[in-house]
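Mapping of the sequence shown onto numbering that gives the first Met the number 0: position 238 corresponds to residue 237, and the numbering continues sequentially without gaps. What follows is a set of notes on a single structure, which appears directly below.
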Amino acid sequence: MNYQPKLDMASAGFHQAEALVRWIHPDLGFISPEEFIFLAEQSGQITELTRHILRRVANDAGKWHAAGLNIGVAINLSALDLTRPELAKEVAEAFSQWQLPMSSITLEVTESALMEEPETAFETLRRLRQLGVTLSVDDFGTGYSSLSQLRNLPVQELKIDKSFVLRLNTEPQDQLIVRSTIDMAHGLGLRVVAEGIENAESWALLRDWGCEIGQGYFLSRPVAAGDLKETEQSLTDRQQELRYAGETTS
Ligand code: C2E
Ligand code: MG
Ligand code: MG
């Protein structure tokens, strides 16, 4: 697993790390998770993979906590995971030793996953929610988003897809979309996360528009669990710079 920091945009504080699975094949080298997650879904191995990921992340996080790095984790779920209401039990088991509030564990699900079998997915989400974990809609804006459905989902967070964020500093249309999405999400009582922040200008725009959480290469690339403490240090060193990025002194 690799872990990518998610920062609180107002304070520029390190808030949580998103777990991103990696597979380095001995012959083929790096294989994109999008590719092998799809294969695992097709072959029926996703259930076992997700179980493994949950346990592995809980274990890695336990080590940071022991080292004094008290941040939460975000974990991606696949569409098929949501068709199994017993998933909530597996999450509870994997995180039975969790020391922080359960709300510091975020589960990210995509819009399309929610549309596949809406009723079962809804039931799984409801059970997960009863555990007290935070639920997030990942890649928002790319699926067949039904806004009426969004209103009824038991989610607390909306994660704007990186395709709207990567060129935010130069694309007026992306700016319009992102800004309206933030306002809409806030109107629905949801917290907003932006992924794919690659430069200071985009970071400053999002912060000024009230986006709560930011993630992207500008802040940090995904890193190995053992490197997270060092990443925390470099983010702390940059905290003032990030807090005041884009502000003029006059
Ligand atoms: P995602 O959950 O939307 O994750 C964000 C992806 O954007 C990650 O790609 C991350 O490395 C990349 N990213 C982050 N910041 C930037 C940036 O500033 N610029 C650019 N260009 N990219 C950025 P990654 O790790 O290749 O993962 C791709 C997708 O694979 C994830 O999208 C998620 O849908 C899926 N995935 C990854 N790990 C898992 C997992 O453990 N379980 C499941 N079910 N799916 C996973
Ligand atoms: Mg994600
Ligand atoms: Mg995404």
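For each residue, glycine too, the CB sits at the ideal point set by N, CA and C.
{"Asked": "Taking C-alpha atoms, which residue in Asp-137, Leu-99, Ile-104, Leu-86 lies nearest to Ser-111?", "Found": "Asp-137"}
{"Asked": "For Lys-5, which of Pro-221, Asp-182, Asp-80, Pro-84 has the nearest alpha-carbon?", "Found": "Pro-221"}
{"Asked": "Can you name, in chain order, every residue of its own chain whose Cβ lies under 6 Å from the Cβ of Thr-230, other than the five neighbours on each side?", "Found": "Ser-219, Val-222"}
{"Asked": "Nearer than 7 Å: is that true of the beta carbon of Asp-137 relative to any heavy atom of ligand 3?", "Found": "yes"}
{"Asked": "By Cβ distance, which residues of its chain are closer than 7 Å to Lys-161, with the 5 residues on each side in sequence left out?", "Found": "Glu-194, Gly-195"}
{"Asked": "Buried or exposed: where does Gln-214 fall if 16 or more other Cβ atoms within 10 Å of its Cβ makes it buried?", "Found": "buried"}
{"Asked": "Is the closest heavy atom of ligand 1 to the C-beta of Gln-41 under 7 Å?", "Found": "no"}
{"Asked": "Do the stretch 6-21 and the stretch 231-241 make contact, defined as three or more Cβ pairs closer than 8 Å?", "Found": "yes"}
{"Asked": "Smallest Cα separation from Gly-241: which of Trp-208, Ala-203, Glu-211?", "Found": "Note that residue 241 corresponds to Leu in the displayed sequence, not to Gly. The shortest Cα separation from Leu-241 among Trp-208, Ala-203, Glu-211 belongs to Ala-203."}
{"Asked": "Could you give the C-beta distance for Glu-211 and Gly-245, rounded to a whole number, given that I count them as a contact under 8 Å?", "Found": "That pair is no contact at about 17 Å."}
{"Asked": "What are the partner residues of Glu-4, as DSSP defines its beta bridges?", "Found": "The sequence shown places Pro at residue 4, not Glu. Partner(s): Ala-16."}
{"Asked": "How many angstroms separate the CA atom of Arg-54 from the CA atom of Ala-93?", "Found": "5 Å"}
{"Asked": "Going by the DSSP bridge assignment, what does Gly-28 pair with across the sheet?", "Found": "His-24"}
{"Asked": "Please identify the residue among Glu-116, Leu-81, Met-114, Ile-52 whose C-alpha is closest to the C-alpha of Val-72.", "Found": "Ile-52"}
{"Asked": "Exposed or buried, which one is Ser-95 when buried takes at least 16 other CB atoms within 10 Å?", "Found": "exposed"}
{"Asked": "What residue from Asp-207, Val-177, Leu-134, Trp-63 has the CA that sits closest to Thr-141's CA?", "Found": "Val-177"}
{"Asked": "Just reading off the beta strand (DSSP E) that Ser-147 is part of, what are its end residues?", "Found": "From DSSP, Ser-147 is part of no beta strand (DSSP E) but of the alpha helix (DSSP H) over 146-151."}
{"Asked": "Quick one: give me the first and last residue of the alpha helix (DSSP H) that Lys-62 is part of.", "Found": "45-65"}
{"Asked": "Residues in the same chain with beta-carbon distance under 6 Å from Ala-78, minus the five sequence neighbours each way, listed in chain order, please.", "Found": "Ala-112, Glu-115"}
{"Asked": "Under 7 Å from any heavy atom of ligand 1, does the C-beta of Asn-69 make it?", "Found": "no"}
{"Asked": "Buried or exposed: which applies to Thr-105, given that a residue is buried once 16 or more other Cβ atoms fall within 10 Å of its Cβ?", "Found": "buried"}
{"Asked": "Is any heavy atom of ligand 1 found at a distance shorter than 7 Å from the C-beta of Tyr-2?", "Found": "no"}
{"Asked": "Pick out the complete alpha helix (DSSP H) segments inside the stretch 168-222, 4 residues or longer, and give them in chain order.", "Found": "171-186, 199-207"}
{"Asked": "Please tell me whether, using a cut-off of 7 Å, the distance from the CB of Ile-23 to the nearest non-hydrogen atom of ligand 1 is below it.", "Found": "no"}
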